[in-house]
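Presented below is the structure to which this report refers.
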Amino acid sequence: MYEVLRPYMDIAIANAKRLDKQNEGRKPSESAPGTKVYELVEMLKPYLK
Numbered sequence: 007m008y009e010v011l012r013p014y015m016d017i018a019i020a021n022a023k024r025l026d027k028q029n030e031g032r033k034p035s036e037s038a039p040g041t042k043v044y045e046l047v048e049m050l051k052p053y054l055k
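Note that this note's numbering has the sequence shown beginning at 7, numbered continuously upward.
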């Protein structure tokens, strides 16, 4: 599954950052959809190559 989704990782991270910025200042309960998983993926990204 990773090999199928890998080409879209950078696009997904960019989209998540944009959504996070739009939800800035809101409570988590008010910012659905939205998570911080992209931050974890960015931290792990160097180990995925």
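Ideal Cβ placement from N, Cα and C applies to all residues, glycine included.
Cβ pair residue i, residue j closer than 8 Å
{"i": "tyrosine 53", "j": "isoleucine 19", "result": "no"}
Proximity to residue i [Cα-Cα], best of the options
{"i": "asparagine 21", "options": "Met49, Lys55, Lys42, Lys51", "result": "Lys42"}
Three-state secondary structure assigned by DSSP to residue i
{"i": "arginine 32", "result": "coil"}
{"i": "methionine 15", "result": "helix"}
N- and C-terminal bounds of the alpha helix (DSSP H) containing residue i
{"i": "proline 39", "result": "No alpha helix (DSSP H) holds proline 39; DSSP gives it neither H nor E."}
{"i": "lysine 51", "result": "43 to 54"}
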